[in-house]
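One structure is given here, and the rest of the page talks about it.
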Amino acid sequence: MQVSLTAGPGLTMEDVRRIRQQYGWNAVEQTAPALWRRLIGKFWAPVPWMLEAAILLQFMLHEYLEALVIAVLLVFNAALGWFQEQRAQATLDTLKSRLALLAVVRRDSLWQTLAASELVPGDILKLTLGGIVPADVRLLDGSVLLDQSMLTGESLPVEGGPGNSSFAGALVRRGEAIAEVTATGTRTKFGKTAELVRVAHGRSSQQQAVLWVVRNLAAFSGILVLVQLTYAAVHGMPGMETIPLVLTAVLAAIPVALPATFTLASAVAARGLAKIGVLPTRLSAVDEAATLDVLCSDKTGTLTQNALAVTAVHAVPGWNEGVVLGFAALASAESGTDPVDAAIRAAALRSPAERLPTRTRFVPFDPAQKMSEADVRDADGRRLRILKGAFARIAQVAEPMPDVAAAALSAFEKQGFRVLAVAAGAEAPLAWVGLIALSDPPRPDARQLIEELKQLGVRTVMATGDAAPTASVIARAVGLDGPLCPAGPVPERIEPGQFSVFAGIFPEDKFRLVRAFQASGHTVGMCGDGANDAPALRQAQMGIAVSTATDVAKSAAGIVLTQPGLGGIVQAVRAGRVTYERILTYTLRSVTAKMSQMLFLTIGLLITGHAVLTPMLMVLIMIGGDFLAMSATTDHVRPSLKPNVWRIGQVTVAAAVLGICGLLFCVAILLAGIQFGLATGHGLRTLAAVALVCSSQATFYVVRDRQRLWSSRPSSWVLVSSVFDVSIIALFAGNGFLMHRLPWSIIGMVVLAAALFMLLLDAVKSLLFRRLQVA
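Its first residue numbered 0, the sequence shown is counted upward by one per residue in numbering that gives the first Met the number 0.
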């Protein structure tokens with residue numbers, strides 16, 4: 000059926016210039032910070048500050064080699080952080096490309112094709128089959144079938160005619176129309192989504208953990224530096240001895256490889272996930288998966304297939320389901336562009352009827368009539384008229400409906416199904432043939448996903464733009480049995496146990512829902528597929544886009560599932576918890592070693608009257624210990640069955656107690672060295688360096704397992720790194736390279752003593768971890 004469309008002259012160019020001055024361009028503004036600003040920002044944080052202070056002190060002492068080594072460490076850490084942020088503006092870029100479409104516009108009484116970015120409110124547009132609506136519009140003439148599922152979450156396409164509105168980004172599934180632009184750029188529904196994505200960001204528990212560790216170490220270091228300076232002042236130590244003392248203490252406090260280790264652990268997990276079809280686009284999403292305890296999921300296209308399907312068929316007595324579907328298929332278009340007709344024809348092929356009549360004439364669906372029709376002729380030459388459409392419209396031309404069919408209609412509507420009626424006959428009133436219920440069916444693995452997440456301590460809630468009846472049906476089908484949230488504004492704070500379903504909500508509501516859970520102290524995941532989900536995907540600590548998601552959703556998400564199904568979500572949670580255990584091991588080892596080193600520097604000063612380590616020895620210990628301990632990112636660990644929580648207070652207390660134990664070991668070695676005649680300053684410094692390295696390695700093996708140290712086998716890289724670290728310090732000490740030479744027998748005795756110390760420390764750890772609930 001050809002549609003005749005008319006329109007006025009449209010805006011003049013003078014009108015366009017005037018309106019654009021007020022409303023701007025039909026585009027999403029790019030606000031990404033310059034690359035150089037982001038790079039400089041990597042040198043302005045707690046860990047870089049400590050390294051920069053150390054470099055400055057080395058220059059004051061004219062120790063340029065040591066300053067260069069520390070500068071290399073500083074640049075290495077900054078480069079890691081800078082490179083992983085290169086995709087930070089991907090979401091806005093994608094949104095901008097979606098708005099950069101072409102539009103057929105009427106201006107100065109002429110139709111012309113322009114970039115959609117040039118549109119202004121008041122422009123007259125032509126919408127055609129397969130096109131994307133380039134701005135928010137009000138329809139003036141014609142009729143179209145609009146797919147707005149990626150914007151509103153509504154699973155069913157909507158009919159649009161004169162007076163109806165449509166959002167930017169909707170897809171024209173059928174028909175043609177003339178429309179007037181009502182909003183452009185960030186004022187559109189789609190543009191408001193872009194603005195929400197721009198301002199949305201979730202707090203990273205990993206970033207908070209790093210910051211707290213650095214703060215604790217810096218505070219502890221500051222106290223000990225004051226003690227050392229007081230001692231130096233009281234005993235009249237010259238400035239050239241005091242500055243190296245302070246510098247060594249500063250170096251001892253720097254967890255130089257901590258940010259890099261967090262990044263590496265996440266990258267190792269990300270590589271493993273990518274092999275099974277789970278692609279992390281932000282490494283922080285892997286870390287947050289460990290602490291995830293609430294998953295908000297979109298319905299359409301996420302828990303469901305985003306494809307209309309025939310859910311149920313009711314045949315009126317005298318007919319059967321095959322005939323109902325067959326007759327409906329005859330009254331359906333064959334092009335496949337209409338999702339309703341495509342679903343009916345697919346169902347008819349699966350349940351073919353015998354001896355269907357032949358179609359002689361077809362009238363496509365007319366939004367004004369709310370039905371389609373077909374004229375058919377059977378094998379005996381009899382002619383029939385078949386109607387398919389909205390129940391209320393078919394009822395106007397059909398005989399009274401049987402009670403059993405009326406009951407079926409009521410049952411279908413209560414379940415939120417879209418119901419079509421089919422009638423046929425030679426003349427009016429037509430006879431009822433049956434009813435067809437359509438819906439967006441759940442994904443086959445949705446129920447299994449929710450059950451597995453529940454076993455892992457993660458609560459799932461549904462957030463959808465669909466109406467409450469439809470949302471409730473899907474919720475029950477996938478195993479979400481909790482209550483439905485009443486209509487109204489999303490509360491500022493909310494607990495996952497209060498509601499399982501949030502229906503009839505818009506993109507900004509999903510965004511607010513994620514923030515409400517976060518405000519209550521939860522780590523939130525968001526799973527979605529459409530542009531309407533993008534703000535919530537960006538705000539959530541763990542945003543997940545399914546394989547069929549739009550580019551906007553994928554670029555907003557932290558994790559993209561590249562394979563069909565939802566099983567990758569569970570795999571991501573488990574991988575995140577493995578990563579957490581590895582990072583916790585490194586954090587415990589690093590903080591314990593740092594506290595032990597700082598305490599030892601102070602106690603050693605009080606015992607010997609001079610610095611027991613030089614800055615160069617401290618740099619060697621720092622490089623060997625901190626960076627080789629990054630092998631923890633490959634270690635064998637047992638992930639938790641419940642969401643992990645960063646308890647920095649408990650971790651700090653545990654590390655302090657273990658650090659004091661390490662201090663006692665190193666002081667014992669130092670006193671033994673003095674007793675055995677290694678009373679010279681240089682000899683004691685070498686002995687102190689060997690003792691600190693061996694103590695650090697013993698601590699590593701103790702804290703890597705939350706139970707006993709022999710409960711799990713360390714990875715090959717952990718073993719290799721430990722052997723390498725001890726071998727390097729032994730070779731340097733035994734051969735007098737960069738330090739005073741130490742007898743091999745003394746080195747061997749220290750290594751043996753460290754092995755015995757490791758067994759004693761493990762007993763202390765077992766009691767300590769249980770008491771502090773670190774395990």
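The C-beta atom is built at its ideal place from N, Cα and C for all residues, glycine as well. Source: prediction; values computed, not measured.
Cβ pair residue i, residue j closer than 8 Å
i      : j      : result
Thr584 : Ala631 : yes
Gly317 : Ala352 : no
Thr522 : Asp286 : no
Ser499 : Ala474 : yes
Arg344 : Ala328 : yes
Ala284 : Ile668 : no
Leu587 : Val650 : yes
Ile504 : Ala466 : no
Pro441 : Val477 : yes
Val180 : Leu124 : yes
Thr633 : Ser554 : no
Leu799 : Gly566 : Since the first residue shown for the chain is 0 and the last is 774, residue 799 is missing from the structure and cannot be characterised.
Ile728 : Val689 : yes
Ala628 : Ser720 : yes
Ile222 : Leu50  : no
Nearest-angstrom Cα separation, counted from residue j out to residue i
i      : j      : result
Leu419 : Thr260 : 59 Å
Trp431 : Leu383 : 13 Å
Gln517 : Arg511 : 10 Å
Cys526 : Ser164 : 28 Å
Phe768 : Ala218 : 24 Å
Met597 : Gln540 : 35 Å
Glu426 : Ala134 : 46 Å
Ala486 : Thr561 : 35 Å
Val692 : Thr591 : 12 Å
Ala182 : Asp140 : 18 Å
Val224 : Ala248 : 7 Å
Gly464 : Lys274 : 33 Å
Lys41  : Phe75  : 10 Å
Gln88  : Ala552 : With a pLDDT of only 44 at Gln88, under the threshold of 50, the placement of this residue in the model should not be trusted; the figure read from the coordinates follows. Rounded to the nearest angstrom, the two C-alpha atoms are 13 Å apart.
Asp340 : Ala347 : 11 Å
Leu98  : Ala533 : Only weak support exists for where Leu98 lies, its pLDDT of 39 falling under 50; the value from the coordinates is given anyway. Roughly 15 Å between the two C-alpha positions.
Leu483 : Arg458 : 15 Å
Thr90  : Ala556 : Only weak support exists for where Thr90 lies, its pLDDT of 41 falling under 50; the value from the coordinates is given anyway. If I take the Cα positions, the gap works out to 9 Å.
Gln497 : Val323 : 43 Å
Leu94  : Leu434 : Residue placement at Leu94 is flagged as unreliable, the pLDDT there being 41, under the threshold of 50; the coordinate-derived value follows with that caveat. Their Cα atoms are separated by approximately 41 Å.
Gly603 : Glu65  : 23 Å
His313 : Ala436 : 8 Å
Ile18  : Arg281 : 40 Å
Thr241 : Asp292 : 50 Å
Leu307 : Arg358 : 25 Å
Closest residue to residue i among the options (Cα-Cα distance)
i      : options                        : result
His635 : Tyr700, Val143, Gly325, Pro133 : Tyr700
Ala167 : Ala115, Val477, Ala176, Pro428 : Ala115
Gln304 : Asn215, Glu51, Gly529          : Gly529
Ala671 : Leu294, Leu759, Val749, Pro47  : Val749
Leu819 : Pro638, Leu640, Ile606, Ser695 : Residue 819 is absent from the model: the chain starts at 0 and stops at 774.
Leu663 : Met757, Ser471, Gly380         : Met757
Leu38  : Ile568, Ala77, Leu263          : Ala77
Glu412 : Ala389, Gly271, Glu51          : Ala389
Val569 : Arg581, Glu451, Gly661         : Glu451
Lys593 : Lys188, Ala251, Leu72          : Ala251
Leu455 : Pro742, Val722, Pro638         : Pro638
Gly661 : Ala26, Val763, Arg137, Arg646  : Val763
Arg214 : Thr112, Cys295, Pro47          : Pro47
Residue i Cβ short of 7 Å to the ligand GTP heavy atom set
i      : result
Ile473 : Because no ligand of any kind appears in the structure shown, any question about the ligand GTP cannot be addressed here.
8 Å contact criterion, which residue i and residue j should meet: CB distance rounded
i      : j      : result
Val255 : Met621 : 6 Å
Met400 : Ala394 : 7 Å
Leu386 : Ala342 : At roughly 18 Å, the Cβ-Cβ gap does not stay under 8 Å, so Leu386 and Ala342 are not in contact.
Pro8   : Asp107 : 7 Å
Gly159 : Ala176 : 7 Å
Pro338 : Pro156 : 6 Å
Requested in this report: For the segment 474-562, list the beta strand (DSSP E) runs that are entirely contained and at least 3 residues long, ordered along the chain.
Outcome: Fully enclosed beta strand (DSSP E) runs of 3 or longer: 523-527, 541-544, 558-560.
Query - In chain order, each alpha helix (DSSP H) run of at least 4 residues that lies wholly inside the segment 212-266 - result: 238-252, all fully within the segment 212-266.
Requested in this report: Write down every uninterrupted run of the beta strand (DSSP E) in the segment 284-308 whose length is 3 residues or greater and which is fully enclosed by it, in chain order.
Outcome: For the segment 284-308, whole beta strand (DSSP E) runs of length 3 or above, ordered along the chain, are 293-296.
Query raised in the report: Enumerated in chain order, which unbroken segments of the beta strand (DSSP E) with a length of 3 residues or greater are wholly contained in the segment 101-181?
Result: As far as the segment 101-181 is concerned, its whole beta strand (DSSP E) runs of at least 3 residues are 101-106, 109-114, 123-126, 135-146, 157-159.
Query raised in the report: At what residue ranges does the segment 612-691 contain a whole run of the alpha helix (DSSP H), taking only runs of 4 or more?
Result: Segments of the alpha helix (DSSP H) lying fully in the segment 612-691: 614-621, 647-674.
**Report entry** 3 or more residues per run - each beta strand (DSSP E) lying fully within the segment 389-444
**Finding:** The qualifying runs are 417-424, 430-438.
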